[in-house]
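Sequential numbering from 1 applies to the sequence shown in full-length UniProt numbering.
Positions of the beta carbon are idealized from the N, C-alpha and C atoms, including for glycine.
Treat the numbers as computed from the prediction; the structure is a model and nothing was measured.
Notes to accompany the following structure.
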Amino acid sequence: MSEVKENVRDGTISNAIDWIGTRKSTYSNRPYTRAESRLEAIRWVSESKHPCSIVQDRSFLRLMKTGRPHVWIPSPVTVARDVHKVFVSCQQRIATMLQKYPGRLSFATSAWTSPNNVPYMAVSVHLEEGGKPISLLLDFVEISKSHTSLNLNFEFTEIMKSFGIEDKLLAITCDSASNTDTVMVNLHDPVQEFYNEQARVYCLAHIINLIVKSILNQFDGWKPKKGINEIKYVDTECDNIEGWIEEPMSVEVKMKIEPVRLTLSKLRKVAYFIKRYPSILRSRWAQIVSEQGLPVRLMPLDVATRWNSTYDMLRFATKYKSALKVLLYEEDELNNHQLSDTEWNLAEELCDVLKVFRETTLYASRDTTNAAAIIPAMDHIHFLLSAQTTACRFSDTIAIALRAGMKTLERFHNKANISKIYRIATILNPRHKLRYFRQSGRGEGWIKESRAMLEIQWEISYAHKPLPAEFKPTKTGKTSIVYEDRIMFDPRVFNGALVSESAIHDELEHYLSTEEFEEFTDPIGWWKGKTLTFPRLSRMAIDYLTIPATAVKVGRIFSEGRSLLSHTRNRLTPESTRASMCLGEWSMSGFIKEPEMLRILLEDDFE
């Protein structure tokens, strides 16, 4: 043990790899100590989702030890033990950080079944640090049985208790599945904030997905004619699409939408043949594309439960229209799949429709998109769909599908219009305030109700909170700011103005009476710079503006989980899966502090 301690050089493991920018790196010429090697192995297996046994891989050992046979490599048992040990330490550190966080916390959650058929639940936490919104995987747990509301409710409550933050909950973002609906109703003490629907935020990306599924279902949702086996030409992938509105179609409507259905069917089969029969078609396809002066690419396949793949297929088809026409004309197997001019026009129209939703999805999936963006985004989609269904821009066939999407949108649009969280977050965005509601055509009664919601929440939860420690009342009735070891031009002092105690208690009125800041694009940064003028209201605003608009963070975690939980790995324990998934995310987010972790690893020496 003493020998190991003596071998620890000055500095941390971060000195060994000095990152320059985001791509280049320089490496230290000193070897790792045993403790540093163990820590780096932890980072490697958790961040890259490798099994611990990879450190025994023959090729890896040859790479590491050739020319350096003395290099020490930890065993799989040591790596597995270290992963669990560092996970527990980091978990405690994160719990302490969240408990000391000055504001309230928001969460996003979803459930998922892994490729090896094990149900999991992931929860991310969303907060502010240094004037920027940050998100972090909080926990990744195996659900004991299935994705029922009772199991989800129990697991979520247990996660909150384990981190000691059940009293800091503000909102939770999740999809519209019925089991998560029930979770919001059934959460019990001490998670009191989720007694009703008012604390629920519907994932904006999921809403968009449901709207588009309603549109595309008009072309795919009814059983095709006997003899047309279209399913084999479409990739299938499980996804939660519960919540979209499906209505029975009359024979007349089916006849009107038949041209679009046939167009999609033909394009899917063409993409399938090009991909599945490379020896026959791929070389000729590459030749045709080159002759047309286009980049050589394969036509993307349509995935049954990924509407954006339908858009990708249509966009490709319209861009490579001339090349596809040549291929369909020349190849006997594809002659029957040639598209008429009308069908090409329908493909272009549908592509234009889906482009709007793709751009909205990309916007909603940003890490900075928060609850204040939900009402404006849904208003914008509602406006576009209304205009497109009433104008003559699209054919009757596409207009029928757009009306189906409008019905799904209106379901969630109505929920947004009655949500307390959506309204408060929108008002606390300094670009919007109450003016946005007036400009969007909402009535004065609705606007007054929204303001009352904000005032009630302000009075109950924030107006009487103790001021931060740096704010000290003076004898003159002014509030002075005490900053130790700071220069006189500190931004919080120089850019602010001292306010009286009475003004502090009237923060909300003062904020609503000032003009909107239309040019400002960083609302959290704006509030962070106004803590002197609005010491309490800034805390409320930051809390509401860090509520995520989507559960995309959790979805990304599940996508990464496919690497760890493939269908060939069935022996991982729930504890090992949890430790590896969480530790990898925490490591990449900078929550593994080298000095602290090295001290923990130095407490024992397995080998």
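Around the Cβ of residue 77, a 10 Å sphere holds fewer than 16 other Cβ atoms; the residue is exposed. In this structure, the alpha-carbon of residue 66 lies about 29 Å from that of residue 580.
Along the stretch 544-607, the alpha helix (DSSP H) occurs as fully enclosed runs of 4 or more residues at 552-564, 574-588, 594-601, listed in sequence order. Of the candidates 508, 455, 370, the residue whose Cα lies closest to the Cα of residue 547 is 370. Only residues of its own chain outside the window of five on either side were considered, and among them 307, 310, 401 have a CB closer than 8 Å to the CB of residue 216, listed in chain order.
For residue 439, the number of other beta carbons within 10 angstroms of its own is below 16, and it is reported as exposed. Contact annotation: the stretch 79-86 does not touch the stretch 115-123, with fewer than three C-beta pairs closer than 8 Å. DSSP, reduced to helix, strand and coil, places residue 126 within a strand of the structure shown.
DSSP, read as helix, strand or coil, puts residue 139 in strand. The shortest C-alpha to C-alpha distance from residue 35 to any of 91, 71, 47 is the one to 71. Following the DSSP letters along the chain, one finds residue 80 inside the alpha helix (DSSP H) bounded by residues 76-100.
Counting along the chain, residue 162 sits inside the alpha helix (DSSP H) bounded by residues 149-163. The criterion of a C-beta distance shorter than 8 Å is not satisfied by residue 200 and residue 543.
Counting of Cβ neighbours within 10 angstroms places residue 48 among the exposed residues, the total staying below 16. Minimum Cα-Cα distance from residue 143 among the listed residues 315, 585, 85, 158 corresponds to 158.
Short of 7 Å from the beta carbon of residue 99, and not among the five residues preceding or following it, lie these beta carbons of its own chain, in chain order: 164, 165. At a Cβ-Cβ threshold of 8 Å, residue 545 and residue 524 count as neighbours. When the Cα atoms are used, residue 268 and residue 359 turn out to be separated by approximately 23 Å. The C-beta separation of residue 331 from residue 281 comes to about 7 Å, placing the pair in contact by the 8 Å criterion.
When Cβ pairs closer than 8 Å are counted between the two stretches, the stretch 337-346 is seen not to touch the stretch 285-300, the count staying below three.
Its chain contains 133 as the residues whose beta carbon lies nearer than 7 Å to that of residue 368, once the 5 sequence neighbours on both sides are disregarded; these appear in chain order. In this structure, the alpha-carbon of residue 140 lies about 35 Å from that of residue 28. In the three-state reduction of the DSSP assignment, residue 110 falls in the strand class, which pools E and B. Taking 8 Å as the upper bound for CB-CB distance, residue 38 and residue 601 are in contact here, some 5 Å apart.
Residue environment: residue 26 is assigned as exposed (fewer than 16 neighbouring CB atoms within 10 Å of its CB, all protein chains considered). Per DSSP, the beta-bridge partners of residue 120 are 112, 142. Residue 45 and residue 589 have their alpha carbons spaced roughly 15 Å apart. For residue 582, the closest of 570, 556, 388 by C-alpha to C-alpha distance is 556.
Partner residues in the beta bridge of residue 370, as assigned by DSSP, are 548. Under the three-state reduction of DSSP output, residue 306 falls in the strand class. With respect to the 8 Å criterion, residue 115 and residue 562 are classified as neighbours on the basis of their beta carbons. In the three-state DSSP reduction, residue 133 falls in the strand class (E or B).
Residue burial is scored here from C-beta neighbours: residue 396 has fewer than 16 other C-beta atoms within 10 angstroms and is therefore classed as exposed. Beta-bridge annotation (DSSP): residue 202 is paired with 174. Only residues of its own chain outside the window of five on either side were considered, and among them 399, 402, 403, 406 have a CB closer than 8 Å to the CB of residue 389, listed in chain order. Taking a contact to require three or more Cβ pairs closer than 8 Å, the stretch 310-323 and the stretch 349-359 qualify as touching.
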